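Taking it in order: structure first as structure tokens, then the write-up.
In the working numbering, the protein residues as written are 528 to 721.
Shown next, in the form of structure tokens:
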């Protein structure tokens, strides 16, 4: 088994390559992929009142907002993550399409601090790359792994990665702290890991 620092180095190399590939995609292709995923919807039933957390895209990330709009139209309650501090799980706060924001860490838009904290039923997760075993590489701080572990300790949730098909890699070097996804949605397919 690889040592943790070796795995971190491998992940860093894979992350850099995946982000370079993603950055090279034309904006029109990125937008078309987001619309395709939104038109297809989620591979599970979203009951009215279900809490779905998404994220605000940064840089060339796939944009989950078209999908979140669709889910809100189906009666889902939306939430967005807020960074609580290094080494801590994300706080998910209620949010509505068009709702107010504040600028958080790295310039990421977050709901205002007075927005109620919620425990989502479905978590839409950003990623740099993923594999067919349901593992992902994020941006390296571990926020989503901590958050998914904390939520799964409280209740049954569904974790759904959203990405461009080009972000798939053959193998993610994973550790016991890495939380697996239940699905990944790309513009080409729905990949189930359960």
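A virtual CB, placed ideally from N, CA and C, is assigned to each residue, including glycine.
Note that the structure is predicted; figures quoted are calculated from it, not measured.
Opening and closing residue of the beta strand (DSSP E) in which residue i lies
i, result
"residue 636", "636-638"
"residue 542", "Counting along the chain, residue 542 falls outside any beta strand (DSSP E), though it belongs to the alpha helix (DSSP H) covering 531-550."
"residue 621", "618-622"
Cut-off 7 Å between Cβ atoms - residues of its own chain near residue i, not counting five sequence neighbours on either side
i, result
"residue 626", "638"
"residue 690", "589, 654, 657, 711, 713"
Residues that residue i bridges to, as DSSP identifies them
i, result
"residue 667", "Paired residues: none, contrary to the question."
"residue 491", "Since the first and last residues shown for the chain are 528 and 721, residue 491 lies out of range."
"residue 509", "Residue 509 lies beyond the range of the chain shown here (528 to 721); nothing can be said about it."
"residue 710", "687, 719"
"residue 650", "580, 686"
"residue 604", "578"
"residue 704", "For residue 704, which the question treats as bridged, DSSP gives no partner whatsoever."
Spatial neighbours of residue i in its chain, beta-carbon cut-off 6 Å, leaving aside the 5 residues before and after
i, result
"residue 718", "711"
"residue 624", "596, 599"
"residue 603", "573, 577, 579"
"residue 570", "710, 717"
"residue 636", "583, 628"
Buried versus exposed, by CB contacts within 10 Å (16 or more), residue i
i, result
"residue 721", "exposed"
"residue 633", "exposed"
"residue 703", "exposed"
"residue 547", "exposed"
"residue 662", "buried"
"residue 540", "exposed"
"residue 674", "buried"
"residue 694", "buried"
Cα-Cα separation, residue i to residue j
i, j, result
"residue 528", "residue 700", "Unreliable positioning characterises residue 528 in this predicted model, as indicated by a pLDDT of 43, which lies under 50. A coordinate reading is not provided."
"residue 564", "residue 594", "7 Å"
"residue 706", "residue 622", "25 Å"
"residue 733", "residue 649", "No answer is possible for residue 733: the residues shown for the chain start at 528 and end at 721."
"residue 553", "residue 665", "22 Å"
"residue 708", "residue 685", "8 Å"
"residue 581", "residue 642", "15 Å"
"residue 536", "residue 698", "14 Å"
"residue 606", "residue 619", "6 Å"
"residue 678", "residue 611", "15 Å"
"residue 560", "residue 585", "16 Å"
"residue 531", "residue 538", "10 Å"
"residue 630", "residue 587", "18 Å"
Run of the alpha helix (DSSP H) containing residue i, from where it starts to where it stops
i, result
"residue 595", "592-600"
"residue 613", "Unbroken run through residue 613: none, as it is neither H nor E."
"residue 564", "554-567"
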